[in-house]
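Numbering (our numbering), first residue to last: 11 to 204.
As structure tokens, this is what we get:
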């Protein structure tokens, strides 16, 4: 899938990095066979790219991998079916499978307010806390990588850590910087004020 909002060189660079990570490639292939409409997303993509840009290969063992999909007709059980199947294949990974169409049923803001139903997977991803985290990828039927990055890939590929104010408070962004140790894990990162 070519997204005309993202420069082709960004998409090509992302694909090159991900396809040169054999374990992640194997996960993408298996996920396609389990649920072709699901994506690997968020931290695992960000961490893989940032490790590559720091001349390292991200170790996926014993890490959390987010899988996202969007199905408003889901009875709430599809995420467990996907998780059960992928866990049998990759038991050393902690899976977090989320139907983004149902997030409004349980997500609350820092003030305790509910959110409106999300309109699409791209809409959901566009609300994630950092621009560089708002990325999801999957294999398509041709074996190529489809990328869903409604906030673009520039910050991810240029090692920019930028708050996305669409949903989460700035204080949450600052907490995430500390908890995830972004700046010590990836010293080439720069924080960008908005």
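No residue lacks a Cβ here, since even glycine has one placed at the ideal position from N, Cα and C. These numbers come from a predicted model, not from an experiment.
Query                                                                                                       : Result
Residue from 194, 49, 60 and 196 with nearest C-alpha to residue 166                                        : 60
Range of the contiguous beta strand (DSSP E) that encloses residue 108                                      : 104-109
Cβ neighbours of residue 177 in the same chain (closer than 6 Å, five flanking residues each side left out) : 137
Beta-carbon gap between residue 55 and residue 113 smaller than 8 Å                                         : no
Of the listed residues 40, 185 and 201, nearest to residue 94 (C-alpha basis)                               : 40
Stretch pair the region 190-199 + the region 151-166: three plus CB contacts closer than 8 Å                : no
Residue 170 - DSSP class collapsed to helix/strand/coil                                                     : strand
For residue 79, the residue or residues it bridges with in DSSP                                             : 109
CB of residue 53 within 8 Å of CB of residue 76, strictly                                                   : yes
C-beta contact flag for residue 172 and residue 147 at 8 Å                                                  : no
N- and C-terminal bounds of the beta strand (DSSP E) containing residue 49                                  : 49-51
Alpha-carbon to alpha-carbon, residue 89 and residue 66                                                     : 31 Å
Residue 185 versus 139, 72, 85 and 64, residue with shortest Cα-Cα distance                                 : 139
Whole-angstrom distance between residue 121 and residue 187, CA atom to CA atom                             : 20 Å
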